[in-house]
Amino acid sequence: MFPCNMCNTNVKLRAKSQTARNAFLRLSSIFLLICHTSFGQPATPQNKILIRGKVEDGGNGETIVGANVLVSGVGIGTTTNASGEYFLRLSRGRNTLTISFVGYQILNVVFDAQRDTTLLNELTPATMLQEIVVTGELDHVQSFQIGQNILNISALQKIPPLLGEPDIVRGLLLMPGVSTVGEGATGFNVRGGAVDQNLILLDDAPVFNTSHLFGFITAFSSTAVSSAELYKGGLPINYGGRVASVLDVKLRQGNKRNISGRFGVGILATNLTIEGPILSPRTTFLVSGRVSYSNWLLNAIQNPRLKESKASFYDGTVKVTHDFNKNHKLSFTSYTSHDHFKFPGDTTYGWSTQNFSLKALSTLRSNVFLTTTLVSSNYKYIVSGNQPTNEFDFSAGIGFRSAKIDATWAVSPNIKLEFGAGGDRYSVALGQLDPVGASNINGIKGNKEYANVTFGYVGTQFDWSDHFTVRGGMRLLSYQLVGPGKINEYTSGQPRSEDTFTGTASYSSDQTIQRYARWEPRVSMRYKVNEKSAFKLALDQTAQFIHVISNTSAVSPVDLWKLSDPYLKPQKGRQVSIGYFRSVHQQNYELSLEAYYKHVDNVVDYKDGGHLLLNDRLEADLLQGIARSYGVEAMLEKKQGKITGWLSYTLSRTERRIKSSFPEEQINSGKFYPASYDKPHVFSATASYQVSSRVSWGFNFVLYSGRPITYPTAGYTYQQISIANFEQRNNARTPAYHRLDLSLQVNSKSIPTRKWKGTWVFSLYNVYARKNPYSIFFRSDYFTVAQPYRLSVIGMVVPSVSYTISF
Amino acid sequence: MRIVLTGVAVICISCVDPINTKVVETSDHFVVDGRITDGEGPYKITLSSTSNYSANIDGFTKYVSEAKVKVCNENGGCIPFYEITKGHYETTADVSLATVGHSYHVDILTKEGQRILSKPEILKASPPITKVYYEYDINTVTTEGFKVYLDTDDPANDRNYYKWETLSYFPYSSQCFYEIPGDLKLLLASDKFTNGNAISRIPLQRAYFNRKDYFLVVAYQFSLSENAYAYLENVDKQVTTTGSIFDAPPTLLRGNLYVPDNDDAIVLGYFAVCGVQEKSVLIDRNLHGVSPFPRSKPLSDAPCYCGVPCKSDCDFPCNETCPDSPFNPCLCGAAPCPPACHYLKGVTSVAPKDWPLPHHPCN
Numbered sequence: 000m001f002p003c004n005m006c007n008t009n010v011k012l013r014a015k016s017q018t019a020r021n022a023f024l025r026l027s028s029i030f031l032l033i034c035h036t037s038f039g040q041p042a043t044p045q046n047k048i049l050i051r052g053k054v055e056d057g058g059n060g061e062t063i064v065g066a067n068v069l070v071s072g073v074g075i076g077t078t079t080n081a082s083g084e085y086f087l088r089l090s091r092g093r094n095t096l097t098i099s100f101v102g103y104q105i106l107n108v109v110f111d112a113q114r115d116t117t118l119l120n121e122l123t124p125a126t127m128l129q130e131i132v133v134t135g136e137l138d139h140v141q142s143f144q145i146g147q148n149i150l151n152i153s154a155l156q157k158i159p160p161l162l163g164e165p166d167i168v169r170g171l172l173l174m175p176g177v178s179t180v181g182e183g184a185t186g187f188n189v190r191g192g193a194v195d196q197n198l199i200l201l202d203d204a205p206v207f208n209t210s211h212l213f214g215f216i217t218a219f220s221s222t223a224v225s226s227a228e229l230y231k232g233g234l235p236i237n238y239g240g241r242v243a244s245v246l247d248v249k250l251r252q253g254n255k256r257n258i259s260g261r262f263g264v265g266i267l268a269t270n271l272t273i274e275g276p277i278l279s280p281r282t283t284f285l286v287s288g289r290v291s292y293s294n295w296l297l298n299a300i301q302n303p304r305l306k307e308s309k310a311s312f313y314d315g316t317v318k319v320t321h322d323f324n325k326n327h328k329l330s331f332t333s334y335t336s337h338d339h340f341k342f343p344g345d346t347t348y349g350w351s352t353q354n355f356s357l358k359a360l361s362t363l364r365s366n367v368f369l370t371t372t373l374v375s376s377n378y379k380y381i382v383s384g385n386q387p388t389n390e391f392d393f394s395a396g397i398g399f400r401s402a403k404i405d406a407t408w409a410v411s412p413n414i415k416l417e418f419g420a421g422g423d424r425y426s427v428a429l430g431q432l433d434p435v436g437a438s439n440i441n442g443i444k445g446n447k448e449y450a451n452v453t454f455g456y457v458g459t460q461f462d463w464s465d466h467f468t469v470r471g472g473m474r475l476l477s478y479q480l481v482g483p484g485k486i487n488e489y490t491s492g493q494p495r496s497e498d499t500f501t502g503t504a505s506y507s508s509d510q511t512i513q514r515y516a517r518w519e520p521r522v523s524m525r526y527k528v529n530e531k532s533a534f535k536l537a538l539d540q541t542a543q544f545i546h547v548i549s550n551t552s553a554v555s556p557v558d559l560w561k562l563s564d565p566y567l568k569p570q571k572g573r574q575v576s577i578g579y580f581r582s583v584h585q586q587n588y589e590l591s592l593e594a595y596y597k598h599v600d601n602v603v604d605y606k607d608g609g610h611l612l613l614n615d616r617l618e619a620d621l622l623q624g625i626a627r628s629y630g631v632e633a634m635l636e637k638k639q640g641k642i643t644g645w646l647s648y649t650l651s652r653t654e655r656r657i658k659s660s661f662p663e664e665q666i667n668s669g670k671f672y673p674a675s676y677d678k679p680h681v682f683s684a685t686a687s688y689q690v691s692s693r694v695s696w697g698f699n700f701v702l703y704s705g706r707p708i709t710y711p712t713a714g715y716t717y718q719q720i721s722i723a724n725f726e727q728r729n730n731a732r733t734p735a736y737h738r739l740d741l742s743l744q745v746n747s748k749s750i751p752t753r754k755w756k757g758t759w760v761f762s763l764y765n766v767y768a769r770k771n772p773y774s775i776f777f778r779s780d781y782f783t784v785a786q787p788y789r790l791s792v793i794g795m796v797v798p799s800v801s802y803t804i805s806f
Numbered sequence: 000m001r002i003v004l005t006g007v008a009v010i011c012i013s014c015v016d017p018i019n020t021k022v023v024e025t026s027d028h029f030v031v032d033g034r035i036t037d038g039e040g041p042y043k044i045t046l047s048s049t050s051n052y053s054a055n056i057d058g059f060t061k062y063v064s065e066a067k068v069k070v071c072n073e074n075g076g077c078i079p080f081y082e083i084t085k086g087h088y089e090t091t092a093d094v095s096l097a098t099v100g101h102s103y104h105v106d107i108l109t110k111e112g113q114r115i116l117s118k119p120e121i122l123k124a125s126p127p128i129t130k131v132y133y134e135y136d137i138n139t140v141t142t143e144g145f146k147v148y149l150d151t152d153d154p155a156n157d158r159n160y161y162k163w164e165t166l167s168y169f170p171y172s173s174q175c176f177y178e179i180p181g182d183l184k185l186l187l188a189s190d191k192f193t194n195g196n197a198i199s200r201i202p203l204q205r206a207y208f209n210r211k212d213y214f215l216v217v218a219y220q221f222s223l224s225e226n227a228y229a230y231l232e233n234v235d236k237q238v239t240t241t242g243s244i245f246d247a248p249p250t251l252l253r254g255n256l257y258v259p260d261n262d263d264a265i266v267l268g269y270f271a272v273c274g275v276q277e278k279s280v281l282i283d284r285n286l287h288g289v290s291p292f293p294r295s296k297p298l299s300d301a302p303c304y305c306g307v308p309c310k311s312d313c314d315f316p317c318n319e320t321c322p323d324s325p326f327n328p329c330l331c332g333a334a335p336c337p338p339a340c341h342y343l344k345g346v347t348s349v350a351p352k353d354w355p356l357p358h359h360p361c362n
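Chains E and Y, in that order, give the protein sequences. Just so you know, we're using numbering that gives the first Met the number 0 here: the first sequence kicks off at 0 and counts up by one. Just so you know, we're using numbering that gives the first Met the number 0 here: the second sequence kicks off at 0 and counts up by one.
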């Protein structure tokens, strides 16, 4: 066999002989290096050997995707692929790898290899050690990526939750560049992007609605999630489809070693996760579910208004993985989510998601890696009207199918090629109306839209030197809106309206209605000044063919989605971002500074007073214009010690301009105006204080600028009704929003003979009960002058408690 | 469990508080409010301008005088409107202006020379009203009354847009009637989802049960253009908004008025061209319920009226005084009408045509 040394040494001892960088790394106490095979190939002529490594969770054997692997002193590095594997070409002899991933302790692997070698690296979850908790984001100096927030799922448990549910979107909202219109609003806004400009992937399948209870809770439970990465800029070439961001959420693959699980009870919902191997460690499963009991609680409350209300949800995921052999692996994920909501009155809302994804990971050669993915996403919702004589069901939804192949080819130690191709099929139901019972309502057969998107991309990453790395690529897309379908026609050169409508053209199923081709060039680079600081730059372009059609200030789960057509042009986003990253004090602190400028063409807006639902001349009420966003994001993170956490501050602006030669197709006379989610200042402070091995405190403070709203500029009477005149959209702001949350986490005593562990979490949301305004609105109710009112969605302190057993 | 319940209750009960806020007022625009119908005249148009938003309740409206107002058809034939009181322009009562199938627009020239036009709209006939009916409604003593509903049959031919209004009549004296318009609340419907079907149980208004006599409700059904309907629907949404995440933010309410050759000028309001149908229902309040009000009794034929200004009913024996005396004496003898009736706002000497009792019109 070949020589192979296992080295288990504290890096501090090696600091003098290794590079300076190593001195700043703390070597985790547990790591493992298994050398169990050789490739039997001769070493390359350059005296290089090939290292093939795999990174796993040391606790349950799960694959870790996206871990950073760096060769100390050489300046090259890579990240683990979808199989958790990495490949490096290194000089013979002694090498040190530094492997890091958010939520895990940093692992230093020192080894001496003379031939091609396979390594298995196991990372220790950070929560298993009390004194070291790696929070927030990964090492931005070493990582190539710019504009990325990685949410640490274990740190998420320590952020004070709302209603006892640790929540991924609420965690992201504490990161720079991410904001929301207000409490209860679905989704989030990234760098001045609208909510529908975020692509949310759950094991590769897009999730079109991310919320339970409208916007209070994220529609997938964090207990089954292994990683959540948000790309705000510098989008990797294999992603596309939305102009603001991609949130890539990966589910855990299931414990390879033994059956384990967790059962949690909160005040709103209960959750159960069970995972483990099936027959052999080569096959694993993970089943996770969550169900609310809010209906029962609403009934129990002695308030007739609440008794009439209903609110319930459930969600669940199933994931099965199978390793055929070292080179071939398959995983299957199913995700289900459902909500039912009724306000006191005549309307009920229901929405549900059913996603499937199947993914094959193949290592074709030691340097060629292939991923084949098939996904299916279905989202639908029903709004039921129960008003006597006019009972109806209104339903709409999206079907999405996609097949794609992604390949990476490590051509040489410094050159990596990425290429891929695939196709998407959209079928969007624009809304169907069905009468219920003896209703006067006529059924309206809903229009459907169909589109095919084919795409291909090629990109390369080139390590020019130890300091300078550049990545570039091109993504090409072809979009076809196909029949069957109908397109309204209007007199050209005039605003689209009832008056200029001339007729409707019908298309059969084999006809193309509209075609758009788009190209997406992307370039990014990193200059690493030294081991402690780096500059990064990225330019990227993205196109978006599907849009939420909503004129409310916040997107809701029952908003319409619509595909691009001859009138509704695809959105095009272009962004330039620069960043400076520095780690200080033995990597205990990390400072990130990023600045960006983003320009989006064809953002969707609405004519004043436009009608959107079941509007068969919808395009006559839609407007398109440009959006520009720019800002500076700063984050200071403390990664180790009893107190960990981060401060985040974003200074940004987001404006839109809808300009036309026709006054009714303009907004604010064609001048720039602030988008309804424009929040110039967003500050958050998040900290966790580990009092002892069992007790920790969580602290969270946020301060946002108020959001733009529309104030009247005058008043008048019409038919004796007092009307306030709103002439300038978003000409005022709500007062600033601020909130403090606290939580206390208490773990049960660790008893070696006991196979389970219990955790209590007590929390207070909005500790000082500030009535943060969601909106200021003017209401006259016909009879009086328009009087301003403030609406606070959560105007009280919200206490909650939850208990979780892990076994 | 208390904690649990509190948590959920907070989610469901958001807080809405009236506040004081500073509003920068900038705009100054003309407001046109008027319509013509295929029904009887006179037709009315009011011209006003915007004012401070917090002082724009009816009564503080800044009416605009001395404008030249006319309504013209597609052939250029125009009918003048005359200013009756400040900012209120009317045709003469006998003019029959509009007929189904023709298009009409308003043409206004203000004193300062500003010209305002409306986009022409075609007058579309209103389908007839099928039925106007009422239901005795007593939940509690204080809410005892009648709910008045309307049914109509929507024709299947094309899109119809409806607006309903009412006028209520009940006796003021033996010779005069209260004439009370219905709620300001807009009653609108479109047949977009119900084309060709019955439109049932439109809740027109509530008739109060405070006296034992007749109460007449005359319902008017107007046909609107698509644009007029959209405009009124947006008015309704805007004045009843709750500011929630489901409400569209308020916007400029664009009507059909414009200034020629000036695309940037904004003229507010709407000039509507409507077909109209009417139907009434008479409620004989003698036949219902047990009147809870001791002073309620059938109106006597004894001539008696309240002094000016009279704020309350005047169906008392002549030896009693009106409730607000001494400033509001109940005067015996024949009421000096028509002046008294005309003098009082909301009182008319003209008997509604479906009124059942013998009436003594003033000479």
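Every residue, glycine too, gets a C-beta built ideally from N, C-alpha and C.
- Could you name the residues of chain Y that E/Ser791 contacts, counting a contact when the two beta carbons are closer than 9 Å? Numbered from its first residue, the first sequence carries residue 791 of chain E at position 792. Within chain Y, the residues near E/Ser791 are Ser13, Cys14, Val15 and Asp16.
- Item | Interface residues of chain Y facing E/Leu432 [CB-CB closer than 9 Å] | Counted from its first residue, the first sequence places residue 432 of chain E at position 433. Ordered by position in chain Y, the residues that pass the 9 Å Cβ test against E/Leu432 are Phe192.
- Beta-carbon proximity list for E/Ser333, same chain, < 6 Å, skipping 5 on both sides: Against the first sequence, residue 333 of chain E aligns to sequence position 334. Counting only Cβ-Cβ distances below 6 Å, and skipping sequence neighbours, we find Val317 and Phe355.
- Query: So is Y/Asn156 in contact with chain E if we call contact Cβ pairs under 8 Å?
  - Reply: Stepping through the second sequence from its first residue, residue 156 of chain Y is reached at position 157. Output row for Y/Asn156: interface = no.
- Item | Near-chain Y residues of the region 538-561 of chain E (beta-carbon distance less than 8 Å), N- to C-terminal order | Asn550, Thr551, Ser552, Ala553 and Ser555
- Message: Under 8 Å, Cβ to Cβ, is there at least one residue of chain Y near E/Tyr781?
- Response: For the purposes of this step, residue 781 of chain E is identified with residue 782 of the first sequence, where counting begins at 1. Interface residue, yes.
- Query: Can you name the residues of chain E whose CB is closer than 7 Å to the CB of Y/Glu225?
  - Reply: Translated into the one-based positions of the second sequence, residue 225 of chain Y becomes position 226. Here the neighbours are Glu497.
- Task: Determine contact between the region 638-649 of chain E and the region 667-687 of chain E, defined as no fewer than three beta-carbon pairs at a distance below 8 Å.
- Result: yes
- Task: Residues of the region 310-344 of chain E with a CB closer than 8 Å to any CB of chain Y: list them in chain order, please.
- Result: Ala310
- Message: Tell me which residues share the same chain as Y/Val15 and place their Cβ nearer than 6 Å to its Cβ, disregarding the 5 neighbours each side in the sequence.
- Response: By 1-based counting over the second sequence, the position of residue 15 of chain Y is 16. Excluding residues within five positions, none has a Cβ falling inside 6 Å.
- Item | Among E/Ser383, E/Ser394, E/Arg400 and E/Phe393, nearest to E/Asn377 - alpha-carbon criterion | What you label residue 377 of chain E is simply residue 378 of the first sequence in a count that begins at 1. Out of E/Ser383, E/Ser394, E/Arg400 and E/Phe393, E/Arg400 has the C-alpha closest to the C-alpha of E/Asn377.
- Tell me, please, whether the region 424-441 of chain E touches the region 460-467 of chain E by the rule of three or more beta-carbon pairs shorter than 8 Å. no
- Task: Report the neighbours of Y/Arg253 on chain E: residues whose CB is nearer than 7 Å to its CB, in chain order.
- Result: In the second sequence, the residue the question calls residue 253 of chain Y occupies position 254. Chain E residues near Y/Arg253: Asp607, Gly608 and Glu663.
- Query: What do you reckon, are the CB atoms on Y/Leu122 and Y/Gly274 nearer than 8 Å?
  - Reply: Residue numbering aside, residue 122 of chain Y sits at position 123 when the second sequence is read from its first letter. Residue numbering aside, residue 274 of chain Y sits at position 275 when the second sequence is read from its first letter. Yes, the Cβ-Cβ distance between Y/Leu122 and Y/Gly274 is below 8 Å.
- Task: Can you check the region 242-319 of chain E for any beta strand (DSSP E) of at least 3 residues that lies completely inside it and give the ranges in chain order?
- Result: 244-250, 259-264, 268-277 and 279-291
- Give the straight-line distance between the Cα atoms of E/Thr758 and E/Gly484, rounded to the nearest whole angstrom. Numbered from 1 along the first sequence, position 759 holds the residue referred to as residue 758 of chain E. Numbered from 1 along the first sequence, position 485 holds the residue referred to as residue 484 of chain E. Cα to Cα, E/Thr758 sits roughly 55 Å from E/Gly484.
- Task: May I have the straight-line CA-CA distance separating Y/Cys43 from Y/His87, to the nearest angstrom?
- Result: As a first step, residue 43 of chain Y is located in the second sequence; it is residue number 44 there, counting from the start. As a first step, residue 87 of chain Y is located in the second sequence; it is residue number 88 there, counting from the start. The amino acid occupying residue 43 of chain Y in the given sequence is Lys; Cys does not appear at that position. So the alpha carbons of these two residues sit roughly 7 Å apart.
- Item | Chain-ordered residues of the region 379-394 of chain E with a beta carbon less than 8 Å from chain A | Within the model displayed, chain A is absent; protein chains E and Y are what it includes.
- Examine the Cβ distances between the region 157-166 of chain Y and the region 179-194 of chain Y and report whether three or more of them are shorter than 8 Å. yes
- Message: One question on the structure: do E/Gln574 and E/Val602 come within less than 8 Å of each other, judged by their Cβ atoms?
- Response: Here residue 574 of chain E corresponds to residue number 575 of the first sequence, with the count starting at 1. Here residue 602 of chain E corresponds to residue number 603 of the first sequence, with the count starting at 1. Not closer than 8 Å, so no.
- Task: Could you tell me if E/Ser660 is buried or exposed, where buried requires 16 or more neighbouring beta carbons within 10 angstroms of its beta carbon?
- Result: For the purposes of this step, residue 660 of chain E is taken as the residue at position 661 of the first sequence. Counting Cβ neighbours within 10 Å, E/Ser660 comes out exposed, since fewer than 16 surround it.
- Message: Would the region 357-366 of chain E count as touching the region 382-398 of chain E if we require 3 or more Cβ pairs under 8 Å?
- Response: no
- Message: Tell me which residues of the region 723-739 of chain E have at least one Cβ-Cβ distance to chain Y shorter than 7 Å, keeping chain order.
- Response: Ala723, Asn724, Phe725, Glu726 and Arg728
- Identify, in the order they occur along the chain, each residue of the same chain with its Cβ nearer than 6 Å to the Cβ of E/Thr370, setting aside the five sequence neighbours on each side. Numbered from 1 along the first sequence, position 371 holds the residue referred to as residue 370 of chain E. Within the same chain, E/Thr370 has close Cβ partners Ala81, Leu360 and Asp405.
- Could you run through the region 60-84 of chain Y and flag, in chain order, every residue whose CB is less than 7 Å away from some CB of chain E? Thr60
- Below 8 Å on the Cβ atoms is my guess for E/Ala218 versus E/Val206; work out the distance and round it to an integer in Å. The residue given as residue 218 of chain E occupies position 219 in the first sequence. The residue given as residue 206 of chain E occupies position 207 in the first sequence. The pair is a contact, with the Cβ atoms about 7 Å apart (cut-off 8 Å).
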